[in-house]
Every structure is written in structure tokens, then in C-alpha cells.
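Here our numbering is used: the first residue of the sequence shown is 7, the next is one more, and so on.
The beta-carbon is built from N, C-alpha and C at its ideal position, and this holds for glycine as well.
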Amino acid sequence: MTILVTGGAGFIGTNFVLDWLAQYDEAVVNLDKLTYAGNVNNLKAVEENPGHIFVTGDIADGRLVEQLLTRHQPRAILNFAAESHVDRSIDGPDDFMQTNIIGTFRLLECAKNYWQSLDEPQQQAFRFVHVSTDEVYGSLAANAPAFTETSRYQPNSPYSASKASSDHLIRAYHHTYGLPVLTTNCSNNYGPYQFPEKLIPLVIHNAPAHKPLPIYGDGLQIRDWLFVSDHCSAIRTVLAHGTSGEVYNIGGLNEKPNIDIVYQLCDILDELSPLAKDADIDSYRDLITYVKDRPGHDRRYAIDASKIETELGWRPSETFDSGIRKTVQWYLDNSSWVEQVNSGAYRQWIARQYA
């Protein structure tokens, strides 16, 4: 038995592959393009594992995907491959259109052809899991009810528009061809191996170096935060027990303003990485720097995850307090990993983005 994971050297994909191989004997074919946010060194713990087959390649490369499906005969495809950073989609949307829309289309075409070639029992067992985002639903007012699986799509950034497009393709291939698909829309993830362009690892990396902690606008944008291992367990649950053609929202039950996240991170860092006695600041909070808000910044996201709890019995295991402490400790313990991914190009991008 084998599964094909796309984007398995990125943040969420890495955690999924590591968790999967720690719990199951089933092999993983891991296809990743290794863009700036993909890092094969994330997978060092399984590089000698014969159940982990890593392939460098693009989901838009139909010939390669067809070869992998024919050779390894996976019972499921889990699509994590995506360009995912809103800021970068504003700065340069082309990569987002190519990977998130065209790439998903090419992957679906290969999956459809492969699935149609299977015998009936194999077709019944096969699943295509598409990992998406809550950002496709747009922005919520402060007192509006949380997003459900039937909320209207109202994407507000090139990134979320590209993901919304991919979600529609997934739905179309189920209803037109019968391809057994499952879509998950998750809230903001955090945890180990997240590229330090995102808020939480950026703060953890910048603070001990006494670099500014940039906060967009007033910092009161609200997000629901999900520890990445909980997200991985939810995806495994959806793969095992989800109903073909259904959508499942995955949330962490942790709505918090961005500024509160940064305050909490600073307080944990004050405890775990104390300032020197001669430091020119009294707390890492003193490094908080407000910068111009990004264009079209959504004010609030919130996930109603009652469907996956009621139908599949899944709930997150981590509270935000427990998950964020584990995350801070991981980054402090793995500073060499952070330095390795902080290339000159990344530093230049950060300097330009928060100028």
C-alpha cells in the first residue's frame, strides 16, 4: 500500500509525512518541486527509511505524475503542493496561478486517468485529498458567524483566489467524472518547519536577534490558529473516514488578534531565551514595530469545525497555549535550521516587504 503526497517538503507536507511514517508502515511517494519554501533537509529523519520515496518535480509535469502513478499504484493522493504566502501573491501572483490552478488541473487530469484505469474495488477505495484554506471564504465582520463548509466563496487576494479556483476544479472533477475527492479548508497553521516569512516563526527568529517585530496596521486582524500536528491528524481522519465529494473545515478553536499572538510569543521568549542584563530593551515586546498594512488585508477569519467533529469525531488535541510553547521551543532548539533557510534572497525580500 502506498500514498502519493505532493508538496511533502513544505511546512504542512513535511509534518504530515513525518507523522505518517512514524505511525504507519504504508509507503509515501513524496513529490516536491523544492521552491524556496520546500526543504529536503526537513526530511532528514526519514532519508534512510525505505518507505519514503522522494522525487523532485512539479505537479504540473503531467508525464512525471503519470509515471509515478503507474509505477507506485498509490491508493490515495494528498495534495499539499501550493504557493501559500499572501504577501508574495500580491508581489508576484504568476507563480500562484501556475501552481495552484494549472498545477492542480494537471494533477487532477493524471489522477482521473489513473483512477479510471483501476478495477472497481480499487476505484472504490481510492481517494484524492485536496488541502485548501479558510481564506477562500473571504473576510468576516467582528460578530459574524464562523465559516462553514457552505459559506460563500469571496477570496480577496491573488493567493486565496488561486486556491478558490483549485477548490472549484476539485469539485468539478468529482461531479463531472466521479473522481472520489475530499477537500479540507483549514485555518492558520503554526508549528515546526514553517518558513520564517510567516508571522509566528518570523517573530521567534527576529526577537532573540533584537530585530524589529513587524506588525501590519493596528495588529487587530483576527485569525483562528491550528497546531500543524492537529491539522495532520485531521487530514488522516478525513482520508480514512471522510465521505467522497465532501468538504471539511478544520480549525483550531483559537481565534486571536495578531498582536496578542506577538505579545504571547514575546512573553514566552522572555522566559525561555532571557535578555542579557545589559540589553538595551526590557522585554522582547519593545521590538514590536507597526508597519503599513498590506493591500486588501482581511480583518477576520474563523472556522466552524463542527462538521468534522460531529461526522468524523475529530477535535484538536493542542490548545494554543500548549502548541505555541512547543513551537517556540522547537525553533530555539533548531536555530541552525532557521539560519539555513534564511538565504540572502529571503533576507532581501523581508527587508523590501517591511520597509
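Please name the residue in the options whose C-alpha comes closest to that of residue i.
i, options, result
"residue 347", "29, 22, 47", "47"
"residue 132", "186, 107, 244, 113", "186"
"residue 122", "260, 137, 81", "81"
"residue 51", "28, 67, 73", "28"
"residue 325", "234, 37, 299, 24", "234"
"residue 62", "30, 15, 91", "15"
"residue 183", "84, 153, 117", "117"
"residue 211", "172, 57, 279", "279"
"residue 230", "13, 214, 58, 267", "267"
"residue 135", "104, 86, 320, 334", "86"
"residue 152", "315, 306, 335, 78", "306"
"residue 139", "58, 308, 260", "308"
"residue 315", "217, 260, 254", "254"
"residue 110", "202, 149, 241, 173", "173"
"residue 64", "74, 160, 55", "74"
"residue 202", "150, 311, 17, 285", "17"
So, at 6 Å on beta carbons, what are the nonlocal neighbours of residue i in its own chain, with the 5 sequence-adjacent residues on each side left out?
i, result
"residue 251", "180"
"residue 343", "none"
"residue 141", "166"
"residue 206", "196"
"residue 22", "238"
"residue 299", "222, 223"
First and last residue of the beta strand (DSSP E) that includes residue i?
i, result
"residue 290", "Looking at the DSSP string, residue 290 is not in any beta strand (DSSP E), and its letter there is neither H nor E."
"residue 91", "It is not in any beta strand (DSSP E) - residue 91 carries neither H nor E in the DSSP assignment."
"residue 133", "133-139"
"residue 190", "187-192"
Taking all protein chains shown into account, decide if residue i is buried (16 or more other Cβ within 10 angstroms of its Cβ) or exposed.
i, result
"residue 157", "buried"
"residue 227", "buried"
"residue 220", "buried"
"residue 337", "buried"
"residue 297", "exposed"
"residue 287", "exposed"
"residue 120", "buried"
"residue 198", "buried"
"residue 83", "buried"
"residue 170", "buried"
"residue 30", "exposed"
"residue 19", "buried"
Can you name, in chain order, every residue of its own chain whose Cβ lies under 7 Å from the Cβ of residue i, other than the five neighbours on each side?
i, result
"residue 162", "144, 145, 302, 304"
"residue 102", "89, 95, 164, 165, 168"
"residue 232", "192, 193, 194, 195, 256, 257, 258, 322"
"residue 130", "none"
"residue 26", "34"
"residue 124", "132"
Note down the Cα distance separating residue i from residue j, rounded to an integer number of angstroms.
i, j, result
"residue 265", "residue 98", "27 Å"
"residue 44", "residue 313", "32 Å"
"residue 341", "residue 294", "21 Å"
"residue 113", "residue 71", "7 Å"
"residue 277", "residue 200", "22 Å"
"residue 330", "residue 273", "11 Å"
"residue 106", "residue 177", "15 Å"
"residue 269", "residue 291", "6 Å"
"residue 68", "residue 224", "45 Å"
"residue 283", "residue 209", "21 Å"
"residue 108", "residue 128", "27 Å"
"residue 271", "residue 246", "35 Å"
"residue 92", "residue 263", "18 Å"
"residue 339", "residue 241", "27 Å"
"residue 188", "residue 137", "9 Å"
"residue 126", "residue 55", "32 Å"
In the DSSP assignment, find the unbroken alpha helix (DSSP H) run with residue i in it and report its ends.
i, result
"residue 181", "164-183"
"residue 75", "68-78"
"residue 119", "110-123"
"residue 23", "17-29"
"residue 242", "234-247"
"residue 266", "264-278"
"residue 294", "First-last for residue 294: 294-297, but that is the beta strand (DSSP E), not the alpha helix (DSSP H)."
"residue 326", "326-339"
Whose C-beta lies closer than 8 Å to the C-beta of residue i among residues of the same chain, with five residues either side of it excluded?
i, result
"residue 7", "32, 33, 81"
Quick check on residue i - is its C-beta less than 8 Å from some C-beta in chain D?
i, result
"residue 277", "No chain D appears in this structure, which consists of one protein chain only."
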